[in-house]
Amino acid sequence: QMVQANAVIGFYPASSVGDDIELYRDEDMGRDAMHGVSDKQTLYFLRNQTIHEDRSNICLSDFVMPKEKNKVDYIGAFFATAGLRVEEWAQKFEKENDDYSAVMLKILSQRLAEALTEMLHEKVRKEWWGYAPGESFSPQELLKERYQGIRPAFGYPSLPDHTLKKPVYDLMRVNEHTQIQMTESYMMMPEASVSGLYIAHPDSKYFNVQKIREDQLSGSGK
Numbered sequence: 029q030m031v032q033a034n035a036v037i038g039f040y041p042a043s044s045v046g047d048d049i050e051l052y053r054d055e056d057m058g059r060d061a062m063h064g065v066s067d068k069q070t071l072y073f074l075r076n077q078t079i080h081e082d083r084s085n086i087c088l089s090d091f092v093m094p095k096e097k098n099k100v101d102y103i104g105a106f107f108a109t110a111g112l113r114v115e116e117w118a119q120k121f122e123k124e125n126d127d128y129s130a131v132m133l134k135i136l137s138q139r140l141a142e143a144l145t146e147m148l149h150e151k152v153r154k155e156w157w158g159y160a161p162g163e164s165f166s167p168q169e170l171l172k173e174r175y176q177g178i179r180p181a182f183g184y185p186s187l188p189d190h191t192l193k194k195p196v197y198d199l200m201r202v203n204e205h206t207q208i209q210m211t212e213s214y215m216m217m218p219e220a221s222v223s224g225l226y227i228a229h230p231d232s233k234y235f236n237v238q239k240i241r242e243d244q245l246s247g248s249g250k
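Residue numbers for the sequence shown, in our numbering: 29 to 250.
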């Protein structure tokens, strides 16, 4: 097989704390009553930076229950790839001076990875999380994202910070469940891989964080 796919998804109790979201392993909200240990990962988000006169600037944390409400909310996360064995075959083609096949194989695996994430998201909405079991959309409506909820991917406009992959990668133990690896610069290997979050709030929507300041980039402006 030239192309193999693999994926892992998970659903975790979560709370918003200002602009950030805390993810917990279980519904005790990460608190070990006996030892006082907090088993959680904090994701630091940014609000849309555009100045609006008629509306507030949104952030992904707006779509998760605030921690002070003391109610359990959830978000999901996923890591998916359709690039297993692709590099092996691409190198084989390149050694045979067949660069065209190598490039086309890589492009195909990238498209399949995107298709895999679309299929997983549909199953999440209708079955695995099941908050929209009666959903029925045409392919055209799916492309227009008419369904409830979003799946912001790491590195995309609503979730541009690639460093946030690491705490989710660790929480999900991605390397144990898939062959997806992460480099020191937060690049996923195989290259035909996609990762992100699932947010089910009915008002959730995509947005663009836009340009941030230097102090926000360094973390001192949080």
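Even for Gly, the Cβ is constructed at its ideal location relative to N, Cα and C.
C-alpha of Met210 to C-alpha of Met217: approximately 6 Å in a straight line. For the 8 Å CB-CB criterion, Val114 and Ser186 do not form a contact. Counting of Cβ neighbours within 10 angstroms places Ser166 among the exposed residues, the total staying below 16.
Under DSSP, the beta-bridge partners assigned to Leu225 are Ala105. Comparing alpha carbon positions, the residue from Arg75, Asp47, Arg83 and Phe107 closest to Lys95 is Asp47.
Contiguous beta strand (DSSP E) elements confined to the stretch 83–168 occur at 101–112, taking only those with 3 or more residues. According to the DSSP assignment, Lys194 belongs to the alpha helix (DSSP H) that extends over Lys193 to Met200.
Bounds of the beta strand (DSSP E) holding Phe39 are Gln32 to Val45.
At a Cβ-Cβ threshold of 8 Å, Thr191 and Phe107 do not count as neighbours. Assignment of beta-bridge partners to Ala181 by DSSP yields Gly224.
Taking the C-beta atoms as reference points, Ile103 is found nearer than 8 Å to Ile227. A direct Cα-to-Cα measurement between Met132 and Gly162 gives close to 38 Å. Considering only Pro188, Lys154 and Ser221, the residue with the shortest C-alpha distance to Asn76 is Pro188. Val31 sits away from Leu148, with the two beta carbons spaced by 8 Å or more.
CA-to-CA, the gap between Gln69 and Gly183 works out to about 19 Å. The closest CA to that of Glu146, considering only Glu50, Gly224, Ile79 and Ser44, is found on Gly224. Pairing Gly111 with Ala130 gives a Cβ-Cβ distance that is not under 8 Å.
Counting C-beta atoms within 10 angstroms of its own C-beta, Pro230 has fewer than 16 neighbours from the protein chains shown and is therefore classed as exposed. Apart from sequence neighbours up to five positions away, the residues of its chain that approach Glu55 with a beta-carbon distance below 8 Å are Pro41 and Val100, ordered along the chain.
For Thr70, the enclosing beta strand (DSSP E) stretches over residues Lys68 to Tyr72.
The C-beta separation of Leu88 from Phe73 comes to about 5 Å, placing the pair in contact by the 8 Å criterion. In this structure, the CA atom of Tyr159 is about 10 Å from the CA atom of Lys151.
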